[in-house]
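Here the structure is laid out as structure tokens; the discussion comes afterwards.
2 protein chains.
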Amino acid sequence: MAAQRIFNFSAGPAILPPEVFERAAAAVRELGGDGHAKGAPGIGLSLLEISHRSQDFGMIHDRAVELVHEVLGVPKTHQVLLLQGGATQQFAMVPMNFAAPGSTTAYVDTGAWSTKAIKESQAVAAGGGRGHETAVLASSKDTGYDHIPALPEHLPAKAATAYLHVTSNNTIFGTEYEAMPAVDLPLVVDASSNIGSRPMGLERATIGYAGAQKNLGPSGVTLVWLERSWLEREVPAGVPNILRYASHAAKGGLLNTPNTFGVLVLGLVLEWLRDKGGVAGMAERNQAKADALYTVLDNSDLFAPHVPKAHASSRSRMNVTWTLGGAAEDGREALTKRFLAEAGAAGFSGIKGHRSVGGCRASIYNAFPLEGVTALCEFMTEFERRA
Amino acid sequence: MAAQRIFNFSAGPAILPPEVFERAAAAVRELGGDGHAKGAPGIGLSLLEISHRSQDFGMIHDRAVELVHEVLGVPKTHQVLLLQGGATQQFAMVPMNFAAPGSTTAYVDTGAWSTKAIKESQAVAAGGGRGHETAVLASSKDTGYDHIPALPEHLPAKAATAYLHVTSNNTIFGTEYEAMPAVDLPLVVDASSNIGSRPMGLERATIGYAGAQKNLGPSGVTLVWLERSWLEREVPAGVPNILRYASHAAKGGLLNTPNTFGVLVLGLVLEWLRDKGGVAGMAERNQAKADALYTVLDNSDLFAPHVPKAHASSRSRMNVTWTLGGAAEDGREALTKRFLAEAGAAGFSGIKGHRSVGGCRASIYNAFPLEGVTALCEFMTEFERRA
Numbered sequence: 001m002a003a004q005r006i007f008n009f010s011a012g013p014a015i016l017p018p019e020v021f022e023r024a025a026a027a028v029r030e031l032g033g034d035g036h037a038k039g040a041p042g043i044g045l046s047l048l049e050i051s052h053r054s055q056d057f058g059m060i061h062d063r064a065v066e067l068v069h070e071v072l073g074v075p076k077t078h079q080v081l082l083l084q085g086g087a088t089q090q091f092a093m094v095p096m097n098f099a100a101p102g103s104t105t106a107y108v109d110t111g112a113w114s115t116k117a118i119k120e121s122q123a124v125a126a127g128g129g130r131g132h133e134t135a136v137l138a139s140s141k142d143t144g145y146d147h148i149p150a151l152p153e154h155l156p157a158k159a160a161t162a163y164l165h166v167t168s169n170n171t172i173f174g175t176e177y178e179a180m181p182a183v184d185l186p187l188v189v190d191a192s193s194n195i196g197s198r199p200m201g202l203e204r205a206t207i208g209y210a211g212a213q214k215n216l217g218p219s220g221v222t223l224v225w226l227e228r229s230w231l232e233r234e235v236p237a238g239v240p241n242i243l244r245y246a247s248h249a250a251k252g253g254l255l256n257t258p259n260t261f262g263v264l265v266l267g268l269v270l271e272w273l274r275d276k277g278g279v280a281g282m283a284e285r286n287q288a289k290a291d292a293l294y295t296v297l298d299n300s301d302l303f304a305p306h307v308p309k310a311h312a313s314s315r316s317r318m319n320v321t322w323t324l325g326g327a328a329e330d331g332r333e334a335l336t337k338r339f340l341a342e343a344g345a346a347g348f349s350g351i352k353g354h355r356s357v358g359g360c361r362a363s364i365y366n367a368f369p370l371e372g373v374t375a376l377c378e379f380m381t382e383f384e385r386r387a
Numbered sequence: 001m002a003a004q005r006i007f008n009f010s011a012g013p014a015i016l017p018p019e020v021f022e023r024a025a026a027a028v029r030e031l032g033g034d035g036h037a038k039g040a041p042g043i044g045l046s047l048l049e050i051s052h053r054s055q056d057f058g059m060i061h062d063r064a065v066e067l068v069h070e071v072l073g074v075p076k077t078h079q080v081l082l083l084q085g086g087a088t089q090q091f092a093m094v095p096m097n098f099a100a101p102g103s104t105t106a107y108v109d110t111g112a113w114s115t116k117a118i119k120e121s122q123a124v125a126a127g128g129g130r131g132h133e134t135a136v137l138a139s140s141k142d143t144g145y146d147h148i149p150a151l152p153e154h155l156p157a158k159a160a161t162a163y164l165h166v167t168s169n170n171t172i173f174g175t176e177y178e179a180m181p182a183v184d185l186p187l188v189v190d191a192s193s194n195i196g197s198r199p200m201g202l203e204r205a206t207i208g209y210a211g212a213q214k215n216l217g218p219s220g221v222t223l224v225w226l227e228r229s230w231l232e233r234e235v236p237a238g239v240p241n242i243l244r245y246a247s248h249a250a251k252g253g254l255l256n257t258p259n260t261f262g263v264l265v266l267g268l269v270l271e272w273l274r275d276k277g278g279v280a281g282m283a284e285r286n287q288a289k290a291d292a293l294y295t296v297l298d299n300s301d302l303f304a305p306h307v308p309k310a311h312a313s314s315r316s317r318m319n320v321t322w323t324l325g326g327a328a329e330d331g332r333e334a335l336t337k338r339f340l341a342e343a344g345a346a347g348f349s350g351i352k353g354h355r356s357v358g359g360c361r362a363s364i365y366n367a368f369p370l371e372g373v374t375a376l377c378e379f380m381t382e383f384e385r386r387a
């Protein structure tokens, strides 16, 4: 019996290109020469056993950084760092480094991830000698985070504002900024879950960061880019060396041993992305995938999109979220359960919504194939016909 | 022509067992069932693309933690965490969490790694509202860190001392504690470079940590174990959630997305270690390897061990360091260069000493084969004969 094809809708760590899995597995067995270039002969050692100070790893690291500039469009005005700790650690490092005492850090609240970032700014402010304010300028909490809220007409004064922080895509609720906000404040962007999916104006961010485990690579490596001029800023006392961006930058991103495997795979993913037409090519494919799913949702009496059509410009192209309605309210839960069970049995993996909100979610990152979306759309239509 | 056998003496990331490379590469292609148990059929997905909240990864994570207890001998009184950021981040997290204002953090200075840990304690103390003292109780700096210095007879009062921090093995100078110091102070141990190499009393540490990239796995995952009662301690204000041990422990070690690949490989290494007779079995093999090299050094007129025979109890079984003397002083550098070049050409990789001290270093971690040590000893003896 032929094995069933599994379509992996995991929200992250998430699907990567099969070619990347092959090249990464090969590097674990034996690293290829020239920074694991295609077709280069092996060096006789596994990637996992070579020093991060070796010439072989130096090539891998430098090429990954170069590809971040070239493929993702991060300008050379910005320092690129490949750190550890995930976006969650960046929630803390940004205010630790850049929230001067007396300043205000401003946030837009689009759900769980923004909320965590806001809380870390508040936690840092509670330290002695810190004492910045944390302001939430806009939130869509009252409507279940079903859209990206507009910024207020009058923004706080630039001189007193450390930065404005936004989450470019929310994986849990399935919302996404259509474009980076154009504001006259230093912008900090958590782009973890849609980076690399389309041209999105990363250069507007004074500081940007992204956990790699959606569109960029495996978990355990975090891409950070920040304006070089900000590396000169005075960091408040009490921040240890390892948590200062300037310390990492001063050592060319290799202040201490990085996640060498993660850095290699990030580079392989970016090479794949470049060869597939870059972020512009990806944008077309991602739009087609998202459109197909939203069309099913908008034409259904059973499935209800979490982000209504009225907020179509807030709809995520990466994470499509919906609930099952239609039937009597007390039947919804059972129906959702049946849908998830049948979808799982049919090879659609990871469709269950985030544990904090329930319902369903299809994460369709860069490497997710259109045919998987088409198959899911057909499955949903057929399920509704039978329901 | 048959490929030359390469012996990898890298100080870290370092050699791991070939079997682990095979199983790790297989998991990157397709994860096996039952947490990648030997012989289990594949799950149809790569390890890199599954959620850290999935049942499959849960098994991998829980088994790795269980193996830390079972194989390394960390008692169940301690919480095990598999974090990110390396030992370097622990240098900062330990004082951030546990250096109460008014207390003293005590350190033994055995070289570069202790020095970095001391500096981070001082950096944290500089924060407003912190203000602990950082005391260096003993140091071997004056003699080029050529031994493990004894603790002073009179230790500081327990009530005012947050902890005593030691580095159990110094990779750069090649020194190692023969046994964990027996003191009536809470002990913090950076065991990055000799953990798992022999029975070493890890249970004496109130807090222990180890970057995985020597004896435990790939870079990008950090093993931490700490007494559960310390998780109840009040952490000074200003420490963000992601940098609090208690927050990680409260989420069973999965506060945010971990380095899933690193956690898998750490588990595979510990399985291998268990199957090879555990830390007791490893101790015998490691002692034999170290003895062979120190015997060559002690009987040579050309090679001089960095740690003299008079300090034999301070000699590292993991990193053997030496310089080339014998010839006129102005010839040493050229001779060292020639030795390193010839050793490299003969397949001995990574023999060059750390960039901060020069000379030579053979790192012979758990997975390094005795035959590689024997080959190096023969090469050195032959080199001296010709020199």
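So the protein sequences, as listed, match chains A and B. Here the first sequence is numbered in the UniProt record's numbering, starting from 1 and rising by one per residue. Here the second sequence is numbered in the UniProt record's numbering, starting from 1 and rising by one per residue. Even for Gly, the Cβ is constructed at its ideal location relative to N, Cα and C.
| Asked | Found |
| --- | --- |
| Excluding five sequence neighbours on each side, which residues of the same chain lie with their C-beta closer than 6 Å to the C-beta of T336 (chain B)? | L324 |
| So, are the CB atoms of L268 (chain B) and V20 (chain B) less than 9 Å apart? | yes |
| Note down, in chain order, all residues in the segment 257 to 270 of chain A with a beta-carbon under 8 Å from any beta-carbon belonging to chain B. | T257, P258, N259, T260, F261, G262 and V265 |
| Does K289 (chain A) come out as helix, strand or coil in the three-state DSSP assignment? | helix |
| At a CB distance below 8 Å, what residues from the segment 22 to 53 of chain B approach chain A? Give them in sequence order. | E22, A24, A25, A26, V28, R29, G44, L45, S46, L48, E49, I50, S51, H52 and R53 |
| Going by other Cβ atoms of all chains shown within 10 Å of its Cβ, with 16 needed for buried, is A123 (chain B) buried or exposed? | buried |
| I'd like the ranges of any beta strand (DSSP E) spanning at least 3 consecutive residues and lying wholly in the segment 222 to 267 of chain B. | 222 to 227 |
| For G111 (chain A) and M59 (chain B), what's the separation of their Cα atoms in angstroms? | 29 Å |
| Which of helix, strand or coil does DSSP assign to N194 (chain A)? | coil |
| Anything in chain B within Cβ reach of E120 (chain A), meaning under 9 Å, just list it in chain order. | P240, N241 and I242 |
| Are there three or more Cβ pairs, one per stretch, closer than 8 Å when the segment 232 to 239 of chain B is compared with the segment 121 to 136 of chain A? | yes |
| My output table needs one value for S121 (chain A): the three-state DSSP class, helix, strand or coil. | helix |
| Run through chain B and tell me which residues come within less than 8 Å of R361 (chain A), C-beta to C-beta. | Under the 8 Å cutoff, chain B gives no residues; its nearest Cβ is about 11 Å from R361 (chain A). |
| Quick one: is F379 (chain A) buried, meaning 16 or more other Cβ sit within 10 Å of its Cβ, or exposed? | buried |
| Does the beta carbon of V65 (chain A) sit closer than 9 Å to a beta carbon anywhere in chain B? | no |
| How far does the alpha helix (DSSP H) with I60 (chain B) in it extend, from its first residue to its last? | Q55 to L72 |
| If the cut-off is 7 Å on Cβ atoms, which residues from the segment 72 to 86 of chain A count as contacting chain B, listed in chain order? | Q84, G85 and G86 |
| Quickly, what does DSSP pair F303 (chain B) with across the bridge? List them, please. | B:L324 |
| Hey, is the segment 167 to 186 of chain A in contact with the segment 152 to 159 of chain A, meaning 3+ C-beta pairs nearer than 8 Å? | yes |
| I'd like to confirm the pairing. Which residues does DSSP put opposite V188 (chain A) in its beta bridges? | A:H165 and A:I207 |
| Can you list the beta strand (DSSP E) stretches of 3 or more residues lying completely in the segment 88 to 123 of chain B, in chain order? | 104 to 109 |
| Mind checking whether E203 (chain A) and V74 (chain A) have CB atoms under 9 Å apart? | yes |
| Is M96 (chain A) close to chain B, meaning its C-beta is less than 9 Å from at least one C-beta of that chain? | yes |
| Checking contacts by CB at 9 Å: is I172 (chain B) closer than that to chain A? | no |
| Distance, Cα to Cα, S193 (chain B) vs P17 (chain A)? | 35 Å |
| How far does the beta strand (DSSP E) with E133 (chain A) in it reach, from first residue to last? | E133 to S139 |
| When DSSP labels each residue in this structure, what does K352 (chain B) get in the three-state scheme? | strand |
| Taking all protein chains shown into account, do 16 or more other C-beta atoms lie within 10 angstroms of the C-beta of D275 (chain A), making it buried, or fewer, making it exposed? | exposed |
| Determine the closest residue to D292 (chain B) out of B:R332, B:M318, B:T374 and B:A37, with distance taken between C-alpha atoms. | It should be pointed out that residue 292 (chain B) corresponds to Ala in this sequence rather than to Asp. The shortest Cα separation from A292 (chain B) among B:R332, B:M318, B:T374 and B:A37 belongs to B:T374. |
| Who are the near neighbours of V307 (chain B) in its chain, counting only those whose CB is closer than 8 Å to its CB and skipping five residues on each side? | D146, H147, F173, G174, T175, S314, R315, S316 and T321 |
| Is it the case that the Cβ atoms of P181 (chain A) and A280 (chain A) are separated by a distance below 9 Å? | no |
| Buried or exposed, going by whether 16 or more other CB atoms sit within 10 Å of the CB of P95 (chain B)? | buried |
| So what's T374 (chain B) in DSSP terms, helix, strand or just coil? | helix |
| Which word fits K289 (chain A), buried or exposed, when buried means at least 16 other C-beta atoms lie within 10 angstroms of its C-beta? | buried |
| With DSSP run on the structure shown, which of helix, strand or coil describes A343 (chain A)? | helix |
| So, using beta-carbon positions, are S349 (chain B) and L45 (chain A) closer together than 9 Å? | yes |
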